[in-house]
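Enquirer: Each residue of the sequence shown is one higher than the last, beginning at 14 in the working numbering.
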Amino acid sequence: MMRSILLSIAIVGLVAFTGYAAQESDNVAPQATRRGMRTGRGNGANAGMRRGPARQGTQYVENEDGRWLVHDVNRPAPPIITPGTASTQEKAGTAPSDAVVLFDGKDLSNWVSMNGNPTDWVVKDGYFTPGNRGGDIKTKESFGSCQLHLEFASPVPAVGTSQGRGNSGVFIMSTYEVQILDSYENKTYPDGQCGALYGRRVPLVNASRPPDQWQTFDIIYHRPIFDGDEVTRKATFTVLHNGVLIQDHVALTGGTGWINEHTITNYEPHADKLPLQIQYHNNPVKFRNIWIRELKD
């Protein structure tokens, strides 16, 4: 009789323990799911499992094109364009289909001298270079924030040293200069070498090619914003020289205009759009394949 009672107690205990284990198992699975554990991907017992605390996801995103569900197929798609082609030393590339082509190797119909008269800069063999009268040139059209592509080649043979060798510059909005200079084995003050934001920011590296080889600038520029005489948002520059990043989203601290050997200009209020300007600095620098894409502020 006693053995029957003990056997009954053992069976009841076993049933109770089995039920408790099953309950614990039921509790573990949801907890594992809440902690982000996933199975069924990859190989191995732990493949596809993510560990870590649960994270609240973002269901909606909101920006200038409205408020949208994440991965909403009805959200406006970007416009389709045809990308340009890359240049080689022998041949200039082409511009993206949405760019304004400022020089395509044929003529200077988009450019004038600084007084608005026709320029005497010379076009030959798909490039242009300063004419007999010299002087800077500017675009007929005005631009603000932009993506600019420009190609140039320093004169050969290399004549002069420092700022006297292959000197030119591209002035965004006729105001802010990205220095063009023959900086191949040519020492000068670092904030005036090729790719410098003149007098303000030294390039990260010197990526210059030898004289007479074609070089590229790709510039992403956002204009400054003024409130009266005060600048409320500084201009920013990202510059790639021959495909190498040399100015990394730099906020320009002031103007780049020359005053004297150790002084440059400060910010001065100006229009939202101004012409692009190329400098003549007594050196016959060559230019080709210039195009620009306007950007939103």
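Even for Gly, the Cβ is constructed at its ideal location relative to N, Cα and C.
Taking the alpha-carbon of Gln226 as reference, which of Val169, Pro216, Gly70, Thr71 has the nearest alpha-carbon?
Expert: Against the sequence shown, residue 226 aligns to sequence position 213. Gln226 has its Cα closest to that of Val169, out of Val169, Pro216, Gly70, Thr71.
Enquirer: By how many angstroms is the C-alpha of Ala105 removed from the C-alpha of Ile5?
Expert: Summary: the structure shown does not reach residue 5, with the chain confined to residues 14 through 310, and so no result is reported for it.
Enquirer: Return the residue from the list Ile303, Ile233, Asn295, Lys309 that minimises the CA-CA distance to Val172.
Expert: Taking the sequence shown and counting its residues from 1, the one referred to as residue 172 is at position 159. Nearest option by C-alpha distance: Asn295.
Enquirer: Measure the C-alpha to C-alpha separation of Arg214 and Asp204 and round it to an integer number of angstroms.
Expert: Along the sequence shown, one-based indexing puts residue 214 at 201. Along the sequence shown, one-based indexing puts residue 204 at 191. Looking at the two C-alpha atoms, the distance is approximately 6 angstroms.
Enquirer: Near Gln72, which residues of its chain fall below 8 angstroms by C-beta distance, leaving aside the five closest residues on each side in sequence?
Expert: Here residue 72 is taken as the residue at index 59 of the sequence shown, counted from 1. The residues are Leu82, Val83.
Enquirer: Using a threshold of 8 angstroms, state whether the C-beta atoms of Ser100 and Thr229 are closer than that.
Expert: Reading the sequence shown from its first residue, position 87 is the one you call residue 100. Reading the sequence shown from its first residue, position 216 is the one you call residue 229. Yes.
Enquirer: Just to check my reading of the structure: Pro288 and Phe239 have Cβ atoms closer than 8 angstroms, yes? What is that Cβ distance to the nearest angstrom?
Expert: Looking up residue 288 in the sequence shown gives position 275. Looking up residue 239 in the sequence shown gives position 226. In fact, because the Cβ distance is near 18 angstroms, the residues do not count as touching under 8 angstroms.
Enquirer: Measuring only the C-alpha atoms, how far is Thr266 from Thr276?
Expert: Along the sequence shown, read from residue 1 onward, the residue named residue 266 stands at position 253. Along the sequence shown, read from residue 1 onward, the residue named residue 276 stands at position 263. So the two alpha carbons sit approximately 14 angstroms from each other.
Enquirer: Around the C-beta of Thr245, are 16 or more other C-beta atoms found within 10 angstroms, so that it is buried, or is it exposed?
Expert: Here residue 245 is taken as the residue at index 232 of the sequence shown, counted from 1. By the 10 Å Cβ count, Thr245 comes out exposed.
Enquirer: Roughly how far, in whole angstroms, is the beta-carbon of Ser158 from the beta-carbon of Pro224, given that I think they are within contact range, below 8 angstroms?
Expert: In the sequence shown, residue 158 corresponds to position 145, counting from 1. In the sequence shown, residue 224 corresponds to position 211, counting from 1. Not really, about 33 angstroms apart at Cβ, beyond 8 angstroms.
Enquirer: What residue does the beta strand (DSSP E) around Phe85 start on, and which one ends it?
Expert: Counting from one through the sequence shown, the residue named residue 85 turns up at place 72. Looking at the sequence provided, one finds Asp at residue 85 rather than Phe. Where Asp85 is concerned, there is no enclosing beta strand (DSSP E), given that its DSSP letter is neither H nor E.
Enquirer: Is the CB-CB distance between Ile94 and Ser126 below 8 angstroms?
Expert: Within the sequence shown, the letter at position 81 stands for residue 94. Within the sequence shown, the letter at position 113 stands for residue 126. No.
Enquirer: Can you tell me whether DSSP reads Gly205 as helix, strand or coil?
Expert: Here the question's residue 205 lines up with position 192 in the sequence shown. Three-state result, Gly205: helix.
Enquirer: Check whether the Cβ atoms of Ser175 and Lys137 sit closer than 8 angstroms, and answer yes or no.
Expert: On the sequence shown, residue 175 is found 162 positions in, with the first residue counted as 1. On the sequence shown, residue 137 is found 124 positions in, with the first residue counted as 1. Against a cut-off of 8 angstroms, the Cβ pair of Lys137 and Ser175 comes out as no contact.
Enquirer: If you draw a straight line from the C-alpha of Arg51 to the C-alpha of Val74, how long is it?
Expert: Position 38 of the sequence shown holds residue 51. Position 61 of the sequence shown holds residue 74. Caution applies to Arg51, whose pLDDT of 42 falls short of 50 and renders its modelled position unreliable; the model cannot decide the point.
Enquirer: Going by the CB atoms, is the gap between Gly182 and Gln292 shorter than 8 angstroms?
Expert: Taking the first residue of the sequence shown as 1, we reach residue 292 at position 279. Taking the first residue of the sequence shown as 1, we reach residue 182 at position 169. Contact flag set, yes.
Enquirer: Could you check what DSSP says for Gly177 in three-state terms: helix, strand or coil?
Expert: Counting from one through the sequence shown, the residue named residue 177 turns up at place 164. Reduced to three states, the DSSP call for Gly177 is helix.
Enquirer: Going by C-alpha distance, which of Gly270, Thr98, Asp78 is nearest Ser187?
Expert: One-based indexing of the sequence shown puts residue 187 at position 174. For the residues Gly270, Thr98, Asp78, the minimum Cα distance to Ser187 belongs to Gly270.
Enquirer: Is the beta carbon of His235 closer than 8 angstroms to that of Ala248?
Expert: Counted from its first residue, the sequence shown places residue 248 at position 235. Counted from its first residue, the sequence shown places residue 235 at position 222. For Ala248 and His235, yes; Cβs fall inside 8 angstroms.
Enquirer: Should Val191 and Val218 be called a contact, given that it needs their Cβ atoms to be closer than 8 angstroms?
Expert: Residue mapping note: residue 191 aligns to position 178 of the sequence shown, counting from 1. Residue mapping note: residue 218 aligns to position 205 of the sequence shown, counting from 1. No; because the gap between Cβ atoms is not below 8 angstroms, this pair is not in contact.
Enquirer: Could you give the first and the last residue of the continuous beta strand (DSSP E) run that contains Ile150?
Expert: The count along the sequence shown starts at 1 and reaches residue 150 at position 137. 150-156 is the span of the beta strand (DSSP E), which, as asked, contains Ile150.
Enquirer: Using the three-state DSSP reduction, which class does Val191 fall into: helix, strand or coil?
Expert: Looking up residue 191 in the sequence shown gives position 178. Note: Val191 maps to strand in three-state DSSP.
Enquirer: Could you pull the DSSP bridge partners for Thr132 from this structure?
Expert: On the sequence shown, residue 132 is found 119 positions in, with the first residue counted as 1. The partner list for Thr132 (beta bridge, DSSP) is empty, contrary to what the question assumes.
Enquirer: Inspect the beta-carbon positions of Gly148 and Arg301 and report whether they are closer than 8 angstroms.
Expert: One-based indexing of the sequence shown puts residue 148 at position 135. One-based indexing of the sequence shown puts residue 301 at position 288. Not closer than 8 angstroms, so no.
Enquirer: Is Asp310 helix, strand or coil by DSSP?
Expert: Residue 310 sits at position 297 when you count from the first residue of the sequence shown. DSSP places Asp310 in coil when its eight states are reduced to three.
Enquirer: In terms of DSSP beta bridges, what is Val263 paired with?
Expert: One-based indexing of the sequence shown puts residue 263 at position 250. DSSP, once it has assigned bridges, lists Phe250 as partnering Val263.
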